[in-house]
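One structure below.
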Amino acid sequence: DAMVIQNPRYQVTQFGKPVTLSCSQTLNHNVMYWYQQKSSQAPKLLFHYYDKDFNNEADTPDNFQSRRPNTSFCFLDIRSPGLGDAAMYLCATSRDRGAVGELFFGEGSRLTVL
Amino acid sequence: LAKTTQPISMDSYEGQEVNITCSHNNIATNDYITWYQQFPSQGPRFIIQGYKTKVTNEVASLFIPADRKSSTLSLPRVSLSDTAVYYCLVGDIRDDKIIFGKGTRLHILP
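Line by line, the protein sequences are chains A and B.
Going by the working numbering, the first residue of the first sequence is number 1, and it counts up by one from there.
Going by the working numbering, the first residue of the second sequence is number 115, and it counts up by one from there.
Right, dumping it as structure tokens:
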């Protein structure tokens, strides 16, 4: 059974039309991450939550926002998508913060911007 | 976080053992080494993690020399389904930022 579920798997939007991607987890993990992955590139960390503590990467554009209303759910909001925001968006969880231990990824949400 | 360097791509044949080496010259005392596998259009999947010497699980082995400045992921008897990108990560429990390097694109040929 999937433990990290992302919806939708595929999202098509128009330039400038807001988009929300969702992530849910059944692992009860404290940490949730959002990564952006463009074609043939490595995943790029956008931000993460440790419980309700939000941590934004310095180079994450203001156009990207996130919400974590409870332990199980996390949302990625792209306020005004541009063509350069077309990518796979990956959600991941871990039991605790830090680079020791396993990250559990969802299948990803692929965003197309027309 | 210690910077990692891996080969951009590798080719091998079905049934062979594949070794992918990751260089991490600036690894810190408390850093662990973790490898992930990613298939196209899927999220990365944890393969193995180690601190020193050798770690083995049902999927792979991880060899770490005494100086820990490099590590080698060993995949025994690969099949076509092992074609994927393999990422080496280095970090410790204090690292909030889990950063992926460029990875190694492994092609398994029949």
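Each residue gets a CB set at the ideal place from its N, CA and C atoms; glycine is no exception.
Remember, it's a predicted structure, so these values are computed and weren't measured experimentally.
Would a C-beta distance cut-off of 9 Å place G157 of chain B and L90 of chain A closer than the cut-off? Contact: yes.
Which one or two residues does DSSP pair with M3 of chain A in a beta bridge? Its beta-bridge partners do not exist; DSSP assigns none.
Check whether chain A comes within 9 Å of L203 of chain B, counting only Cβ atoms and requiring the distance to be less than that. Residue-level contact by beta carbon holds for L203 of chain B and chain A, with a gap shorter than 9 Å.
Assuming H221 of chain B and S123 of chain B form a contact by the criterion Cβ under 8 Å, report the distance between their Cβ atoms to the nearest whole angstrom. That belief holds up - the Cβ atoms of H221 of chain B and S123 of chain B are roughly 7 Å apart, short of 8 Å.
Which residues, in order along the stretch 41-73 of chain A, keep a beta-carbon less than 9 Å from a beta-carbon of chain B? Of all residues in the stretch 41-73 of chain A, Q41, A42, P43, K44, L45, H48, Y50, N55 and E57 have a Cβ within less than 9 Å of some Cβ in chain B.
Short of 7 Å Cβ to Cβ, which residues in the stretch 203-218 of chain B face chain A? For the stretch 203-218 of chain B, the set of residues with a beta-carbon nearer than 7 Å to any beta-carbon of chain A comprises L203, G205, D206, I207, R208, D209, D210, K211, I212, I213, F214, G215, K216 and G217, in chain order.
Mind pulling the chain B residues with CB within less than 9 Å of F105 of chain A? Per Cβ cutoff of 9 Å: Y150, Q152, Q156, G157, P158, R159 and F160.
At a Cβ threshold of 9 Å, is S22 of chain A touching chain B? By this cut-off, S22 of chain A is not an interface position.
Check whether the Cβ atoms of E128 of chain B and S188 of chain B lie closer than 9 Å to each other. No.
Taking V169 of chain B as the reference, which of B:Y146, B:A142, B:N140 and B:S126 has the closest Cα? Nearest C-alpha to V169 of chain B: B:Y146.
Under 9 Å (Cβ pairs) to chain B, residues found in the stretch 85-114 of chain A: Of all residues in the stretch 85-114 of chain A, M88, L90, C91, A92, S94, D96, R97, G98, A99, V100, G101, E102, L103, F104, F105, G106, E107, G108 and R110 have a Cβ within less than 9 Å of some Cβ in chain B.
Run down chain A in chain order and give the residues with a C-beta less than 7 Å from the C-beta of Y146 of chain B. Taking the beta carbon of Y146 of chain B as reference, the chain A residues within 7 Å of it are A99 and V100, listed in sequence order.
Hey, would you say F54 of chain A sits closer than 9 Å to F47 of chain A, going by beta carbons? Yes, Cβ-Cβ distance for F54 of chain A and F47 of chain A is below 9 Å.
Of all the beta strand (DSSP E) runs that stay within the bounds of the stretch 4-66 of chain A, which reach a length of 3 or more residues? If we require 3 residues or more, the beta strand (DSSP E) runs fully inside the stretch 4-66 of chain A come out as 4-7, 10-13, 19-25, 31-37, 44-50 and 53-56.
Here's the rule I'm using: 16 or more other beta-carbon atoms within 10 Å means buried, otherwise exposed. How should Y33 of chain A be labelled? Here Y33 of chain A is buried: its Cβ has 16 or more other Cβ atoms, across all protein chains shown, within 10 Å.
Taking one C-beta from the stretch 209-220 of chain B and one from the stretch 172-185 of chain B each time, how about it: are there three or more such pairs within less than 8 Å? No: the two stretches stay apart, fewer than three of their Cβ pairs being nearer than 8 Å.
Please list, in chain order, all residues of the same chain as S24 of chain A whose beta carbon is under 7 Å from its beta carbon, the five residues on each side excluded. Answer for S24 of chain A: I5, S72 and F73, listed in chain order.
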